[in-house]
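S.K.:
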Amino acid sequence: MTELTTLPAAELAAKIHAREVTSVEVTRAHLDRIAAVDDHVHAFLHVDREGALAAAEAVDADLAAGKAPASPLAGVPLALKDVFTTKGIPTTCGSRTLEGWVPPYDATVTRTLREAGVVILGKTNMDEFAMGSSTENSAFGPTHNPWDHARIPGGSGGGSSASLAAFEAPLAIGTDTGGSIRQPGAVTGTVGVKPTYGGVSRYGLVAFSSSLDQGGPCARTVLDAAMLHEIIGGHDPMDSTSIDAPVPPVVAAAREGARDGLSGVRVGVVSEFRGEGYQPGVLRSFEAAVDQLRALGAEVVEVSCPHFTYALPAYYLIAPSEASSNLARFDAMRYGIRVSDDGTHSAEEVMSLTREAGFGPEVKRRIMLGTYALSSGYYDAYYGSAQKVRTLIIRDFDAAFEQVDVLVSPTTPTTAFKIGERVDDPLAMYLADLCTIPSDLAGNAALSVPCGLSDEDGLPVGLQVMAPALADDRLYKVAAAYEGARDAAAGGSLVHQVPELNGGAR
Amino acid sequence: MPNISRDEVAHLAKLARLAVTEEELDTFAGQLDQILDAVAKVGEVAAEDIPPTSHAVPLTNVFRDDVVRQGLSQQQALAGAPAAEEGRFRVPRILGEEQ
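Taken in order, these protein sequences are the chains called A and G.
Residue 58 is where the first sequence starts when you use this note's numbering, and the numbers rise one by one after that.
Residue 100 is where the second sequence starts when you use this note's numbering, and the numbers rise one by one after that.
1. Mind checking if Gly142 (chain G) is an interface residue toward chain A, Cβ cutoff 8 angstroms exclusive?
2. Quick one, which of A:Ala113, A:Arg447, A:Asn501 and A:Ser220 has its alpha-carbon nearest Ile149 (chain G)'s?
3. According to DSSP, is Ile578 (chain A) helix, strand or coil?
4. For chain A, find out if any of its Cβ atoms is closer than 8 angstroms to the Cβ of Val166 (chain G); answer yes or no.
5. Buried or exposed, going by whether 16 or more other CB atoms sit within 10 Å of the CB of Gly290 (chain A)?
6. Going by DSSP, which residues form a beta bridge with Asn202 (chain A)?
7. Output needed for Gln349 (chain A): all residues of its chain with C-beta closer than 7 angstroms, excluding positions within five of it in sequence on either side, in chain order.
8. Per DSSP, Arg76 (chain A) forms a beta bridge with which residues?
9. Taking only beta-carbon positions, decide if Leu69 (chain A) is within less than 8 angstroms of chain G.
10. Take Val407 (chain A) and list the residues in its own chain whose beta-carbon comes closer than 6 angstroms to its own, dropping the five residues that flank it on each side.
11. Give the straight-line distance between the Cα atoms of Pro377 (chain A) and Met486 (chain A), rounded to the nearest whole angstrom.
12. Check whether the Cβ atoms of Gly255 (chain A) and Thr165 (chain A) lie closer than 8 angstroms to each other.
13. In chain A, what lies closer than 9 angstroms to Gly186 (chain G) by C-beta?
14. Compare the C-beta of Arg163 (chain G) with all C-beta atoms of chain A and state if any pair is closer than 8 angstroms.
15. Consider the C-beta atom of Gly242 (chain A) and the heavy atoms of the ligand ATP; say whether any pair is separated by less than 7 angstroms.
16. Have a look at Val317 (chain A) and Lys534 (chain A) and give me their C-alpha separation to the nearest angstrom.
17. Can you name, in chain order, every residue of its own chain whose Cβ lies under 8 angstroms from the Cβ of Pro337 (chain A), other than the five neighbours on each side?
18. Arg187 (chain G): buried (16+ other C-beta within 10 angstroms of its C-beta) or exposed?
19. Between Val116 (chain A) and Ile146 (chain A), what straight-line distance do the alpha-carbon atoms span, to the nearest angstrom?
20. Based on the DSSP secondary-structure assignment, which residues constitute the bridge partners of Asp398 (chain A)?
21. At least one CB of chain A closer than 8 angstroms to the CB of Ser104 (chain G): is that the case?
22. Below 9 angstroms between beta carbons is the criterion; list the residues of the segment 483–505 of chain A that meet it against any residue of chain G, in chain order.
23. If I measure Cβ to Cβ from Thr568 (chain A) and keep anything under 7 angstroms in the same chain, skipping five residues before and after, which residues do I get?
24. Tell me Glu356 (chain A)'s beta-bridge partners as DSSP assigns them.
25. For Gly212 (chain A), return the contacting residues in chain G, with the cut-off set at a CB-CB distance below 7 angstroms.
26. Measure from the alpha carbon of Pro517 (chain A) to the alpha carbon of each residue in A:Pro556, A:Asp95, A:Leu484 and A:Ile494, then state which is nearest.
27. Can you give me the C-alpha to C-alpha distance between Asp24 (chain A) and Asp136 (chain G), rounded to a whole angstrom?
28. Taking the DSSP output, what are the residues bridged to Lys138 (chain A)?
29. Does the beta-carbon of Leu177 (chain G) have 16 or more other beta-carbons within 10 angstroms, so that it is buried, or is it exposed?
30. State the DSSP-derived secondary structure class of Phe101 (chain A), mapped to helix, strand or coil.
31. Evaluate the contact criterion for the segment 154–167 of chain G versus the segment 467–486 of chain A: three or more CB pairs, one atom per stretch, below 8 angstroms.
32. When burial is assigned at 16 or more other CB atoms within 10 Å of the CB, is Gln521 (chain A) buried or exposed?
33. Could you give the first and the last residue of the continuous beta strand (DSSP E) run that contains Ala131 (chain A)?
34. Using three-state DSSP, classify Ala542 (chain A) as helix, strand or coil.
35. Classify Val156 (chain G) as helix, strand or coil using the three-state DSSP reduction.
36. Just tell me which of A:His286, A:Tyr392 and A:Thr298 has its CA closest to the CA of Phe162 (chain G).
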């Protein structure tokens, strides 16, 4: 039965649909795994055991009645980042502010997953309101990296990625504002995809930075991520930023890449993302991955994107500015917690005291930074200039994609760092998103696929692939070709090398 | 010279409705100063002739047919409220002592 927690989602779905195994058995195996190991990993904030088993039973009943599966992943369990609203299931966004809040409605992503017969196991841990690169900013305690419990699993979607690496779920959903899907994917040895901005509905996603936030798939294989992408992607009239265009054929692209290699594909190596400040072992794994892309038939060239070095400062002005506005909704009046409402304080005082009690330091820091950057007198120097940098980054991408089909870089400058190591140094923490931020600012698609273990510390390294907006299929073709070749050379998938966790065999 | 003083942090916190502690004021003043120093780099390339981009995709207003549909019930809307009374959100007093 333990095999059920190690199989890729595509294989699990095939077995469930062929009725070789039931969705209830698969779901129960994952719930048992969570019960056995999550005390050590802390990937989940809430496990919906009853709801998951009921959803699995419904899939099994439909299949037994001869109905076609609702989707190619019907019956397969999934871990959902706690930033998506879930009707009847607590949604906290990793914050005390929303502790105990049970939304009265489902996010579009949640509803789509339910309709597709995907079994939602529970809600995963995250940096508070998705602000962070380590999942240490969760009000409910950090998530631990299954590769080394003393290290961070990345952030803000550390819970989602850790649940995959700990074999607690075969699929997960994350959100990426500055790299929060790809960076956790890289440091946990899993696959994470930031779809084109607007490619997956943001309705019901608790907003952090509205012009950047993007939900996307997390999985242990590229094909699994593609299958999940096709289910959650598409136009949503409930979201005014949703793109009214078909979902790119990402599953077909993944299969094509795995089958046919990369002959005729032009790959650009971003020269700005491989120099000083990068861990040597990360660079060595990255260079080996580039060699592998060449061996698969790709034409590889160096490409310069000179303004990418300004992306990090631009992001840390734009995102906090939008956050300072979005988080104004947490005012202790309509939902969330309220403190000091003892009749001696005015509404304004209750609001301030509640926000003081409900928000953690990183959230407060960003709200104040955003308030400052948007304030009269500083707007042009900070926020206005950051918006211009955004234009320059988009131009860099446009020029690069005239020369090549995709760009590649390491996903992160270093492997997973130790819990607590950067917590008092925001600037050091922000560097974790150095390579992922440009794609968020430009709204492009990007993906992280495991590319080996750093020879210094034995920890996972990610290869980032970036593509133009609405060309998400290119990511999957390149990543699936690379993954197939790497796994064949290494004798198996990288994530299966994760050490056994307390709680026994998978 | 720091970009941002402790008093300015206190002012920002007031604007942002955050009742920060004395200890937090010291911490945030130092950290915000460092962060603002680092992000000021954006000014190096932000020339006059570069148009700002606020959003990666063109935003257009979205209209839908004006059709009556089911919304949240009163009970659902109030279910997550910190305090409710007689079918309404109950808020603390709006006016301070001086009003």
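No residue lacks a Cβ here, since even glycine has one placed at the ideal position from N, Cα and C.
M.R.: In terms of the structure at hand:
1. Judged by the 8 angstroms Cβ criterion, Gly142 (chain G) is in contact with chain A.
2. Ranking the options by Cα distance to Ile149 (chain G), first place goes to A:Arg447.
3. This structure leaves residue 578 (chain A) out entirely; chain A is present only between 58 and 563.
4. Chain A, which has no Cβ nearer than 8 angstroms to the Cβ of Val166 (chain G), makes this no.
5. Answer is buried; the Cβ neighbour count reaches 16.
6. Answer is A:Asp205, bridged to Asn202 (chain A).
7. Closer than 7 angstroms at the Cβ level, and outside the excluded window around Gln349 (chain A), lie Tyr539, Ala542 and Arg543.
8. Looking at the DSSP assignment, Arg76 (chain A) forms no beta bridge with any residue, so it has no partner.
9. Not one chain G Cβ lies under 8 angstroms of Leu69 (chain A).
10. Residues of the same chain with a CB within less than 6 angstroms of the CB of Val407 (chain A), apart from the 5 flanking positions on each side, are Ala389, Ser397 and Asp398 in chain order.
11. Pro377 (chain A) and Met486 (chain A) have their C-alpha atoms roughly 15 angstroms apart.
12. Cβ distance not < 8 angstroms, so Gly255 (chain A) and Thr165 (chain A) don't count as in contact.
13. Below the 9 angstroms Cβ cutoff, chain A contributes no neighbours of Gly186 (chain G), its closest Cβ being approximately 14 angstroms away.
14. So yes, Arg163 (chain G) belongs to the interface.
15. Inclusion of the ligand ATP in the displayed structure is not the case, the ligand content being empty and no account of it being possible.
16. It is Asp, not Val, that sits at residue 317 (chain A) in the sequence shown. Just so you know, the alpha carbons of Asp317 (chain A) and Lys534 (chain A) end up roughly 9 angstroms apart.
17. Beyond the five residues adjoining it in sequence on each side, Pro337 (chain A) comes within less than 8 angstroms, by CB distance, of Glu513 in the same chain, given in chain order.
18. Flag for Arg187 (chain G) reads exposed.
19. When rounded, the distance between both Cα atoms is 20 angstroms.
20. In the DSSP output, where bridge partners are listed per residue, Asp398 (chain A) has none listed.
21. Under the Cβ distance rule, Ser104 (chain G) does not count among the residues neighbouring chain A, no pair being separated by less than 8 angstroms.
22. For the segment 483–505 of chain A, which is checked against every Cβ of chain G, the residues closer than 9 angstroms are Pro483, Leu484, Tyr487, Asp497, Leu498, Ala499, Gly500 and Asn501.
23. With chain A covering 58 to 563 only, the question about residue 568 (chain A) has no answer from this structure.
24. Glu356 (chain A) pairs with A:Arg323.
25. From the beta-carbon of Gly212 (chain A), no residue of chain G is found nearer than 7 angstroms; the closest lies around 18 angstroms away.
26. Out of A:Pro556, A:Asp95, A:Leu484 and A:Ile494, A:Pro556 has the C-alpha closest to the C-alpha of Pro517 (chain A).
27. Not covered by the structure: residue 24 (chain A). The range shown for chain A is 58 to 563.
28. The beta-bridge partner set that DSSP reports for Lys138 (chain A) consists of A:Thr181.
29. Looking at its Cβ environment, which holds 16 or more other Cβ atoms inside 10 Å, Leu177 (chain G) is buried.
30. DSSP places Phe101 (chain A) within a strand segment (E or B) once states are collapsed to three.
31. Taking 8 angstroms as the limit for Cβ pairs, the verdict is that the segment 467–486 of chain A does not touch the segment 154–167 of chain G.
32. So Gln521 (chain A) ends up on the buried side.
33. No beta strand (DSSP E) contains Ala131 (chain A), which DSSP labels as neither H nor E.
34. Three-state DSSP puts Ala542 (chain A) in a helix.
35. Per DSSP, reduced to three states, the secondary structure at Val156 (chain G) is coil, with no helix or strand assignment.
36. With distances taken between Cα atoms, Phe162 (chain G) lies closest to A:Thr298.
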